[in-house]
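Below is one structure, written out as structure tokens; comments come after it.
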Amino acid sequence: MLPASGVRVYLALGATDMRKSIDGLSILVSQQLQLDPFAGHLFGFCNRSRTIIKLLYWDRNGFCLWHKRLERHVFRWPTREAEVLAIDSRQLAWLLDGLDPLAVTGHSRLEYSTVF
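If you use the working numbering, the sequence shown closes out at 1034, no skipped numbers anywhere.
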């Protein structure tokens, strides 16, 4: 479940109450993060113990909520001063695989040019 390359991923930094479901998380996106929950972007939330991640997104005619719970490990959820952190789909994959998305760097994008 990785987003398309044009979709932005926003992480709500800090701990989120995982009892919240679609309605509570969409209100959090619009009021606290000041973002549009209907924009089609992914919004990520993590619990205090960093064992649960929820991803909320709008898909044409309704919200989808994706939930992952770890049994033995913790997510390397970024800690920053800001309320929200924008990452790309590659960094989201790293986060879900247990890596720190801000510490890992992959290959840079190679742009093809016809100019010699």
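Where a beta carbon is used, it is the ideal one built from N, C-alpha and C, also for glycine.
Source: prediction; values computed, not measured.
Check, Outcome
"Apart from the five residues on each side of it in sequence, which residues of its chain come closer than 6 Å, Cβ to Cβ, to His-985?", "Lys-972"
"So what does Trp-976 bridge to, in DSSP terms?", "Phe-981"
"If we count the other Cβ atoms within 10 Å of its Cβ and call it buried at 16 or more, is Ser-939 buried or exposed?", "exposed"
"Is Ala-1000 helix, strand or coil when you go by DSSP?", "coil"
"Return the CA-CA distance between Leu-1028 and Gly-924, expressed in angstroms with no decimal places.", "17 Å"
"Count the CB pairs spanning the region 1004-1024 and the region 949-957 that are closer than 8 Å, and state whether there are at least three.", "no"
"If we count the other Cβ atoms within 10 Å of its Cβ and call it buried at 16 or more, is Cys-982 buried or exposed?", "exposed"
"Quick one: give me the first and last residue of the alpha helix (DSSP H) that Gly-942 is part of.", "940-945"
"State the beta-bridge partners of Phe-993 as determined by DSSP.", "None; Phe-993 has no bridge partner."
"Measure how close the beta-carbons of Leu-929 and Pro-996 come, nearest whole angstrom, since I'm counting them as under 8 Å.", "6 Å"
"Assign Ser-944 to buried or exposed, taking buried as 16 or more other Cβ atoms, counted over all protein chains shown, within 10 Å of its Cβ.", "buried"
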